[in-house]
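Engineer: A single structure is presented below for examination.
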Amino acid sequence: MDLELMINSFPKLLSAAVITLKLLSVSLIIGLLIGLFFAILRLNKSLFINRFAYGYSYVFRGTPLLVQIFIIYFGLGQIEYLRSTVLWVILKEPYWCAIIAFALNTGAYTSEILRSAFQTITPGIIEAGKSLGISNKVIFYKIQIPIAIRQSLPAYGNEIILMMKGTSLASTVTIMDLTGVAKYIISTTFKPIEVFIVAGGIYLFMTFIIHNVIKFLEKKYSFN
Amino acid sequence: MELLAFGDTGWGDELFYATLMTIAVSITAMFIGFLFALIFTPLKLSKNKFLNFIANSYTTIIRGVPELLVIYLFFFGGTGAVMYVASIFGYNEYIEINAFITGAFAIGIISGAYSTEVFRGAIQSIDKGQFEAANVLGLNKFGKFFKIILPQTLRLAIPNLSNVWQITLKDTSLISVTGLVEIMRQSYIAAGSTRDPLFFYSFAAVLYLLLTFVSMKLINRLEIKYSRGY
Numbered sequence: 001m002d003l004e005l006m007i008n009s010f011p012k013l014l015s016a017a018v019i020t021l022k023l024l025s026v027s028l029i030i031g032l033l034i035g036l037f038f039a040i041l042r043l044n045k046s047l048f049i050n051r052f053a054y055g056y057s058y059v060f061r062g063t064p065l066l067v068q069i070f071i072i073y074f075g076l077g078q079i080e081y082l083r084s085t086v087l088w089v090i091l092k093e094p095y096w097c098a099i100i101a102f103a104l105n106t107g108a109y110t111s112e113i114l115r116s117a118f119q120t121i122t123p124g125i126i127e128a129g130k131s132l133g134i135s136n137k138v139i140f141y142k143i144q145i146p147i148a149i150r151q152s153l154p155a156y157g158n159e160i161i162l163m164m165k166g167t168s169l170a171s172t173v174t175i176m177d178l179t180g181v182a183k184y185i186i187s188t189t190f191k192p193i194e195v196f197i198v199a200g201g202i203y204l205f206m207t208f209i210i211h212n213v214i215k216f217l218e219k220k221y222s223f224n
Numbered sequence: 001m002e003l004l005a006f007g008d009t010g011w012g013d014e015l016f017y018a019t020l021m022t023i024a025v026s027i028t029a030m031f032i033g034f035l036f037a038l039i040f041t042p043l044k045l046s047k048n049k050f051l052n053f054i055a056n057s058y059t060t061i062i063r064g065v066p067e068l069l070v071i072y073l074f075f076f077g078g079t080g081a082v083m084y085v086a087s088i089f090g091y092n093e094y095i096e097i098n099a100f101i102t103g104a105f106a107i108g109i110i111s112g113a114y115s116t117e118v119f120r121g122a123i124q125s126i127d128k129g130q131f132e133a134a135n136v137l138g139l140n141k142f143g144k145f146f147k148i149i150l151p152q153t154l155r156l157a158i159p160n161l162s163n164v165w166q167i168t169l170k171d172t173s174l175i176s177v178t179g180l181v182e183i184m185r186q187s188y189i190a191a192g193s194t195r196d197p198l199f200f201y202s203f204a205a206v207l208y209l210l211l212t213f214v215s216m217k218l219i220n221r222l223e224i225k226y227s228r229g230y
């Protein structure tokens with residue numbers, strides 16, 4: 001055990017963890033919007049729109065995240081047309097490519113979580129609200145949304161943790177996130193175990209925090 | 001399409017063998033995962049606090065740390081660990097471990113953590129009466145486990161195990177960083193030499209979709225087989 005290396009690498013890994021958290025939060029916010037959009041499409045009665053939304057979530061859930069990042073980062077740059085558009089400003093940056101891939105990936109999972117949450121809201125609940133004379137707007141904000149949040153929280157909490165682990169793949173497109181810096185230190189010092197303990201510890205700490213925040217929210221939104 | 005031709009001119013045969021490699025690694029990893037689950041599930045269910053702690057640490061650490069980091073640990077640390085063990089037995093030559101074994105082991109340990117949770121959940125949801133009924137029938141320990149408990153556990157576990165299989169299959173794409181030539185690595189090589197990354201990575205995505213689609217169909221059959229009588 002090389003304690004000195006562990007102590008020396010801790011600050012470097014900690015500042016890299018900030019990049020991991022940035023990647024995570026930005027892609028979660030965009031992913032939530034994408035997920036919400038596709039979940040609403042899934043509830044649409046038109047077969048075509050329904051199939052389209054299902055196809056999106058099937059493709060992104062059925063392929064590895066690594067392939068998705070590589071298609072966006074290495075693949076899209078190959079299209080000459082894209083290089084001449086405004087989009088290229090975003091697509092030439094590995095940081096934004098990673099975020100697009102993460103957001104699309106988590107969006108696919110989120111759309112499934114939200115869809116099943118929406119489906120648990122039975123017509124009876126809405127009718128109960130109406131019979132109490134509550135307006136449609138209030139029913140939506142005060143009844144439907146809280147129920148949907150409560151239903152989707154446990155699954156969404158898992159998704160956040162999975163996504164946090166997913167951000168480690170950003171290191172494959174030259175971003176120095178927590179895993180990227182850990183790999184760099186391992187390959188220069190050849191002390192994999194020490195670095196794994198420190199970097200893994202930071203990841204576990206973040207998992208622990210996310211887990212507890214979700215638990216707190218679950219309690220807040222539970223019936224009793 | 002000529003990019004996918006079999007033979008010297010295209011990448012069809014290379015990608016075909018790479019797909020077989022992905023399947024081989026996934027199955028090996030899943031199997032190693034079952035072995036880990038076989039060890040850790042009883043520890044999780046045991047009443048001994050210390051054994052519980054060991055099993056919980058295993059599943060918590062593995063499920064809370066990125067797969068890529070675990071793979072780097074094995075890739076960079078695996079050789080050192082094996083050589084250290086060998087040196088205790090007096091063997092001091094350099095040992096190189098094959099990328100297949102390192103990769104399958106790393107993914108297997110990850111897969112095992114998920115499988116352990118699945119089996120724990122399945123065994124816990126079996127009614128206590130089933131254990132008692134097996135006792136009343138006078139079955140011995142093995143008969144009780146293999147004839148009564150295991151078939152019911154499998155029925156409950158198969159849907160969740162199919163999720164574990166999907167995760168395992170997708171995780172094998174990460175082994176490409178160690179140089180094992182599976183779908184991802186082969187696409188990387190092909191994309192590099194033809195300068196057509198869009199085509200080859202999209203094709204890799206199609207191959208993965210095909211693998212998940214076919215395996216889901218097969219698992220559905222298993223599910224039907226084990227739900228007989230329900």
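Protein chains in written order, with the working numbering: chain G, 1 to 224; chain H, 1 to 230. Idealized CB from N, CA, C, for every residue including glycine.
Kindly indicate which residue of G:64, G:63, G:78, G:143 has the alpha-carbon position closest to the one of residue 191 (chain H).
Structural biologist: Here residue 191 (chain H) is taken as the residue at index 191 of the second sequence, counted from 1. Residue G:78 is the option with its Cα nearest to residue 191 (chain H).
Engineer: Residue 181 (chain G) and residue 225 (chain G) - do their beta-carbons sit closer together than 9 Å?
Structural biologist: Given a span of 1 to 224 for chain G in the structure shown, any question on residue 225 (chain G) remains unanswerable.
Engineer: Nearest by alpha-carbon distance to residue 221 (chain G): which of G:148, G:43, G:64 is it?
Structural biologist: As a position in the first sequence, residue 221 (chain G) is number 221, starting the count at 1. Measuring from the Cα of residue 221 (chain G), the nearest candidate turns out to be G:148.
Engineer: Under a CB-based cut-off of 9 Å, is residue 166 (chain H) close to chain G?
Structural biologist: As a working mapping, residue 166 (chain H) is identified with position 166 in the second sequence. Cβ-Cβ to chain G under 9 Å: yes for residue 166 (chain H).
Engineer: Under the three-state reduction of DSSP, which class applies to residue 92 (chain G): helix, strand or coil?
Structural biologist: As a position in the first sequence, residue 92 (chain G) is number 92, starting the count at 1. Reduced to three states, the DSSP call for residue 92 (chain G) is coil.
Engineer: Below 8 Å on the Cβ atoms is my contact criterion, and I expect residue 120 (chain H) with residue 60 (chain H) to pass it. Report the Cβ-Cβ distance as a whole number of Å.
Structural biologist: As a first step, residue 120 (chain H) is located in the second sequence; it is residue number 120 there, counting from the start. As a first step, residue 60 (chain H) is located in the second sequence; it is residue number 60 there, counting from the start. The pair is not a contact, with the Cβ atoms about 13 Å apart (cut-off 8 Å).
Engineer: Can you find the residues in the same chain that come closer than 8 Å, C-beta to C-beta, to residue 164 (chain H), ignoring five residues on each side of it along the sequence?
Structural biologist: The residue you call residue 164 (chain H) lines up with position 164 of the second sequence. Contacts found: 30, 33, 111, 114, 115, 118.
Engineer: Run through DSSP, which three-state label would residue 182 (chain H) get?
Structural biologist: Counted from its first residue, the second sequence places residue 182 (chain H) at position 182. Coil, per DSSP.
Engineer: Figure out for me which residue from H:162, H:48, H:194, H:90 has the closest Cα to the Cα of residue 213 (chain H).
Structural biologist: Your numbering for residue 213 (chain H) matches position 213 in the second sequence. Measuring from the Cα of residue 213 (chain H), the nearest candidate turns out to be H:162.
Engineer: Closer than 7 Å, Cβ to Cβ, to anything on chain H: give me those residues from the region 44-70 of chain G, in chain order.
Structural biologist: Residues 59, 62, 63, 64, 66, 67, 70.
Engineer: Buried or exposed: where does residue 108 (chain G) fall if 16 or more other Cβ atoms within 10 Å of its Cβ makes it buried?
Structural biologist: In the first sequence, counting from the first residue as 1, residue 108 (chain G) sits at position 108. Under this definition residue 108 (chain G) is a buried residue.
Engineer: Taking the alpha helix (DSSP H) that residue 205 (chain H) falls in, what are its first and last residues?
Structural biologist: As a position in the second sequence, residue 205 (chain H) is number 205, starting the count at 1. Segment 197-226, the alpha helix (DSSP H) holding residue 205 (chain H).
Engineer: Quick one: does residue 76 (chain G) have its CB under 9 Å from some CB of chain H?
Structural biologist: Counting from 1 along the first sequence, the entry for residue 76 (chain G) is found at position 76. Chain H, which has a Cβ nearer than 9 Å to the Cβ of residue 76 (chain G), makes this yes.
Engineer: DSSP three-state label for residue 96 (chain H), please.
Structural biologist: Position 96 of the second sequence, counted from the first residue, corresponds to residue 96 (chain H). Three-state result, residue 96 (chain H): coil.
Engineer: Could you give the C-beta distance for residue 201 (chain H) and residue 70 (chain G), rounded to a whole number, given that I count them as a contact under 8 Å?
Structural biologist: As a first step, residue 201 (chain H) must be located in the second sequence, where it is residue number 201. As a first step, residue 70 (chain G) must be located in the first sequence, where it is residue number 70. Between residue 70 (chain G) and residue 201 (chain H) the Cβ distance is about 5 Å, and since that is below 8 Å, they are a contact.
Engineer: Taking just the CA atoms, how far does residue 98 (chain H) sit from residue 176 (chain H)?
Structural biologist: Sequence index remark: in the second sequence, residue 176 (chain H) carries index 176 (1-based). Sequence index remark: in the second sequence, residue 98 (chain H) carries index 98 (1-based). Straight-line Cα distance between these residues: approximately 13 Å.
Engineer: By Cβ distance, which residues of its chain are closer than 6 Å to residue 207 (chain G), with the 5 residues on each side in sequence left out?
Structural biologist: Here residue 207 (chain G) refers to the residue found at position 207 when the first sequence is read from its first residue. 161.
Engineer: Looking at chain A, is there any beta carbon in it that lies within less than 9 Å of the beta carbon of residue 196 (chain H)?
Structural biologist: Judged by its chain identifiers, the structure shown contains no chain A, and its protein chains are G and H.
Engineer: Taking the beta carbon of residue 133 (chain H) as the centre, do at least 16 other beta carbons fall within 10 Å, making it buried, or is it exposed?
Structural biologist: Counted from its first residue, the second sequence places residue 133 (chain H) at position 133. Exposed, since its Cβ has fewer than 16 Cβ neighbours within 10 Å.
Engineer: Between residue 102 (chain H) and residue 87 (chain G), what straight-line distance do the alpha-carbon atoms span, to the nearest angstrom?
Structural biologist: Residue numbering aside, residue 102 (chain H) sits at position 102 when the second sequence is read from its first letter. Residue numbering aside, residue 87 (chain G) sits at position 87 when the first sequence is read from its first letter. Approximately 40 Å between the Cα atoms of the pair.
Engineer: For residue 128 (chain G), count the other beta carbons within 10 Å of its own beta carbon; 16 or more makes it buried, fewer makes it exposed. Which is it?
Structural biologist: As a position in the first sequence, residue 128 (chain G) is number 128, starting the count at 1. Exposed, because fewer than 16 other Cβ atoms sit within 10 Å of the Cβ of residue 128 (chain G).
Engineer: Tell me which residues share the same chain as residue 62 (chain H) and place their Cβ nearer than 6 Å to its Cβ, disregarding the 5 neighbours each side in the sequence.
Structural biologist: Here the question's residue 62 (chain H) lines up with position 62 in the second sequence. Result list for residue 62 (chain H): 110, 113, in chain order.
Engineer: Figure out for me which residue from G:74, G:163, G:195, G:133 has the closest Cα to the Cα of residue 103 (chain G).
Structural biologist: Taking the first sequence and counting its residues from 1, the one referred to as residue 103 (chain G) is at position 103. Checking every option, the nearest Cα to that of residue 103 (chain G) belongs to G:163.
Engineer: Give me the Cβ distance between residue 175 (chain G) and residue 98 (chain G), rounded to the nearest whole Å; I'm assuming they're in contact under 8 Å.
Structural biologist: Counted from its first residue, the first sequence places residue 175 (chain G) at position 175. Counted from its first residue, the first sequence places residue 98 (chain G) at position 98. Between residue 98 (chain G) and residue 175 (chain G) the Cβ distance is about 6 Å, and since that is below 8 Å, they are a contact.
Engineer: For residue 13 (chain H), decide whether its Cβ has a neighbour in chain G, counting only Cβ atoms nearer than 9 Å.
Structural biologist: Locating residue 13 (chain H) in the second sequence gives position 13, counting from the first residue. Chain G contact via Cβ: absent.
Engineer: Go through the region 42-116 of chain G residue by residue and report every complete run of the beta strand (DSSP E) that reaches 3 residues or more, in order.
Structural biologist: Whole beta strand (DSSP E) segments, 3+ residues: zero.
Engineer: Helix, strand or coil for residue 146 (chain G) per DSSP?
Structural biologist: Taking the first sequence and counting its residues from 1, one reaches residue 146 (chain G) at position 146. If DSSP states are grouped into helix, strand and coil, residue 146 (chain G) belongs with the helices.
Engineer: Excluding the 5 residues flanking residue 28 (chain H) on each side, which residues of the same chain have their C-beta closer than 6 Å to its C-beta?
Structural biologist: Looking up residue 28 (chain H) in the second sequence gives position 28. Contacts found: 104.
Engineer: Could you give the DSSP three-state label for residue 191 (chain G): helix, strand or coil?
Structural biologist: Position 191 of the first sequence, counting from 1, holds the residue named residue 191 (chain G). Here residue 191 (chain G) sits in coil by DSSP.
Engineer: Starting from residue 67 (chain H), find everything on chain G with Cβ-Cβ shorter than 7 Å and list it in chain order.
Structural biologist: For the purposes of this step, residue 67 (chain H) is identified with residue 67 of the second sequence, where counting begins at 1. Neighbours of residue 67 (chain H) on chain G, chain order: 165.
Engineer: Give, in chain order, every residue of the region 210-225 of chain H whose Cβ lies closer than 8 Å to some Cβ of chain G.
Structural biologist: Against chain G - using a Cβ distance shorter than 8 Å - the residues of the region 210-225 of chain H are 212, 213.
Engineer: Under the rule that 16 or more other beta-carbon atoms within 10 Å means buried, what is residue 37 (chain H), buried or exposed?
Structural biologist: For the purposes of this step, residue 37 (chain H) is taken as residue 37 along the second sequence, with counting starting at 1. Buried.
Engineer: Which class does residue 134 (chain G) belong to by DSSP, given the choice of helix, strand or coil?
Structural biologist: The residue you call residue 134 (chain G) lines up with position 134 of the first sequence. In this structure, residue 134 (chain G) counts as coil in the three-state DSSP scheme.
Engineer: Using beta carbons (cut-off 9 Å, strictly below), is residue 192 (chain G) in contact with chain H?
Structural biologist: As a first step, residue 192 (chain G) is located in the first sequence; it is residue number 192 there, counting from the start. Answer yes: the Cβ-Cβ gap between residue 192 (chain G) and chain H drops below 9 Å somewhere.
Engineer: Have a look at H:53, H:156, H:73 and flag the residue whose alpha-carbon is nearest the alpha-carbon of residue 186 (chain G).
Structural biologist: For the purposes of this step, residue 186 (chain G) is identified with residue 186 of the first sequence, where counting begins at 1. Nearest option by C-alpha distance: H:73.
Engineer: Counting only Cβ-Cβ distances shorter than 9 Å, please list the residues of the region 169-180 of chain H near chain G, keeping chain order.
Structural biologist: Cβ contacts with chain G: 169, 170, 171, 172, 173, 174, 176, 177.
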